[in-house]
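Just add 30 to the spot in the sequence shown (first one is 1) and you have our numbering.
First comes the structure, then the notes that go with it.
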Amino acid sequence: MKLLKASAFSGIITIVRTLTGFVSNKFVALYLGPSGIALVGQFINFASIVTTIANGAINNGIIKYTSEYSNDEEKSKSLYSNALWVSLSFSIFVALFLITGAPYISQQILNDSQYSWSIIALGGGIILYSLNTLLISILNGRGQLKEYTIINVLGSFVSLIFTIVMVYYYNIQGALLSLALSQSIVFFITLYKIIESPWFEWQFFSQKVDKQILKNLSKFTAMAATSVACVSFSQMLVRTNIINTNGLHNAGIWQGMLRIGESHLLIVVTALSTAYLPRLSSAKGDKEIKLEILSGYKIAIPFLLVSCILIYVFRTLIITALYSKDFSSMEGLFLFQLLGNLFKVLAWMISFLMQAKAMAKTYILTEIIFASIYVLLSEFFISQYGFEMVMVAFFLTYLIYFLSMIFIFRKILFIR
Numbered sequence: 031m032k033l034l035k036a037s038a039f040s041g042i043i044t045i046v047r048t049l050t051g052f053v054s055n056k057f058v059a060l061y062l063g064p065s066g067i068a069l070v071g072q073f074i075n076f077a078s079i080v081t082t083i084a085n086g087a088i089n090n091g092i093i094k095y096t097s098e099y100s101n102d103e104e105k106s107k108s109l110y111s112n113a114l115w116v117s118l119s120f121s122i123f124v125a126l127f128l129i130t131g132a133p134y135i136s137q138q139i140l141n142d143s144q145y146s147w148s149i150i151a152l153g154g155g156i157i158l159y160s161l162n163t164l165l166i167s168i169l170n171g172r173g174q175l176k177e178y179t180i181i182n183v184l185g186s187f188v189s190l191i192f193t194i195v196m197v198y199y200y201n202i203q204g205a206l207l208s209l210a211l212s213q214s215i216v217f218f219i220t221l222y223k224i225i226e227s228p229w230f231e232w233q234f235f236s237q238k239v240d241k242q243i244l245k246n247l248s249k250f251t252a253m254a255a256t257s258v259a260c261v262s263f264s265q266m267l268v269r270t271n272i273i274n275t276n277g278l279h280n281a282g283i284w285q286g287m288l289r290i291g292e293s294h295l296l297i298v299v300t301a302l303s304t305a306y307l308p309r310l311s312s313a314k315g316d317k318e319i320k321l322e323i324l325s326g327y328k329i330a331i332p333f334l335l336v337s338c339i340l341i342y343v344f345r346t347l348i349i350t351a352l353y354s355k356d357f358s359s360m361e362g363l364f365l366f367q368l369l370g371n372l373f374k375v376l377a378w379m380i381s382f383l384m385q386a387k388a389m390a391k392t393y394i395l396t397e398i399i400f401a402s403i404y405v406l407l408s409e410f411f412i413s414q415y416g417f418e419m420v421m422v423a424f425f426l427t428y429l430i431y432f433l434s435m436i437f438i439f440r441k442i443l444f445i446r
């Protein structure tokens with residue numbers, strides 16, 4: 031019953047986030063075109079990296095230990111107080127870095143220092159963003175799913191409305207400012223929900239620093255930070271390469287394709303997370319793990335094949351619905367993006383074992399290696415065969431990643 035309830039709330043968040051994201055994307059595409067989409071994508075990747083650093087990448091740790099300490103008020107107080115200390119310390123440092131280095135960062139990331147106000151806004155709001163992430167993680171860990179869902183849904187709508195208004199009045203500057211500030215605004219909604227909670231007392235956030243708690247939280251930092259940094263940084267490098275060799279317009283076409291691919295993955299992964307991950311986590315022994323993976327594949331593969339075929343067949347309609355006629359050249363990117371998605375999900379279903387078995391070094395190493403492979407393959411295919419072949423690099427990267435996961439866990443997968 032609890033799993034079913036969690037799945038329902040997770041589904042609501044995913045649907046709302048996907049739909050509001052598509053509407054926001056459509057508005058930006060109509061007003062700013064492919065070039066605007068490219069700059070927005072670059073800013074999102076950069077913001078993902080700095081916001082992850084700003085909260086110390088401890089979200090998963092907060093969720094885990096909040097759940098674990100649910101019946102121990104003193105440990106919960108120590109956990110929240112130390113998590114607050116980490117979030118404030120890191121976010122203040124990141125805020126100073128962004129505000130003082132805004133013109134240089136804007137030039138390096140967005141190829142123009144005129145967008146420095148967006149970087150300053152990101153720095154100014156990042157403390158609230160970090161605190162919002164902390165409080166949402168606490169709600170998640172405490173199982174306050176209703177409040178967690180309400181905040182996420184409201185956050186999606188606040189972001190959508192803010193984006194539409196800012197783009198309408200201030201064009202690309204408005205789009206970047208809305209990305210920088212929208213989630214910081216949601217902090218006040220989250221804070222209200224936290225204060226309203228029956229367990230809340232200010233003492234939960236005013237305890238002394240506990241080195242053991244900090245050590246426990248730090249175990250989650252490396253894997254989470256590496257994952258976000260590798261994905262975002264590799265996308266930034268590929269996008270920059272496309273901008274330099276094929277122009278901002280084509281970079282926007284690639285970004286648009288990337289957005290569709292990510293939305294497809296979000297739906298698939300959410301569906302699998304609610305049913306597959308809990309069963310895999312509770313599996314005991316290698317034989318049982320193997321059976322759960324195979325059972326998961328029996329559901330995932332048909333679902334992936336059908337969804338990929340439908341998206342490919344209706345790709346022209348999808349481009350028109352989500353973007354505009356300026357994005358028509360995106361049609362040639364669909365095939366290898368979808369094939370890459372297929373192998374990415376199949377690999378992910380095995381790679382989850384690295385986290386379940388606490389294989390931190392292997393996880394970090396594979397993330398770095400395959401992010402590098404993706405960037406290098408992208409540069410090769412763009413330089414040798416043109417922009418249209420950039421998605422082949424994505425497909426090959428995740429095909430190799432899938433084969434690597436089979437090799438790493440061969441003793442489990444081929445056990446008799």
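For each residue, glycine too, the CB sits at the ideal point set by N, CA and C.
How many angstroms separate the CA atom of ALA210 from the CA atom of GLY153?
8 Å
Just to confirm the assignment, what range does the alpha helix (DSSP H) spanning LEU418 have?
The question names Leu, but residue 418 is Glu in the sequence shown. Premise fails: GLU418 is in no alpha helix (DSSP H) and is neither H nor E.
I'd like to know if the stretch 70-82 and the stretch 262-271 are in contact, where contact means that at least 3 CB-CB pairs between them fall below 8 Å.
yes
Quick check: is any heavy atom of the ligand NAD less than 7 Å from the C-beta of ILE42?
Within the structure as shown, the ligand NAD is missing, as the structure has no ligands at all.
For VAL405, count neighbouring C-beta atoms within 10 Å of its own C-beta (all shown protein chains included) and say buried if the count is 16 or more, exposed if not.
buried
Straight-line CA distance for SER358 to LEU221?
44 Å
Do SER447 and ASN271 have their CB atoms nearer than 8 Å?
Missing from the structure shown is residue 447; the chain here goes from 31 to 446 and no further.
For SER354, which of helix, strand or coil comes out of DSSP?
coil
Collapsed DSSP secondary structure at ARG289 in the structure displayed:
helix
Mapping DSSP to helix, strand and coil, what is ASP316?
helix
With a floor of 3 residues, list each beta strand (DSSP E) that falls wholly inside the stretch 239-269, ordered by position along the chain.
none
Out of curiosity, what's the CA-to-CA distance linking ILE225 and ASN85?
21 Å
Indicate whether GLY171 and ILE93 have their beta-carbon atoms separated by less than 8 Å.
yes
How many Å lie between VAL343 and SER167 at the Cα?
39 Å
Buried or exposed: where does PRO332 fall if 16 or more other Cβ atoms within 10 Å of its Cβ makes it buried?
exposed
Might you give, ordered along the chain, the residues of its own chain that have their beta carbon closer than 7 Å to the beta carbon of TYR428, omitting 5 neighbours on each side?
GLY370, PHE373, LYS374, ALA377
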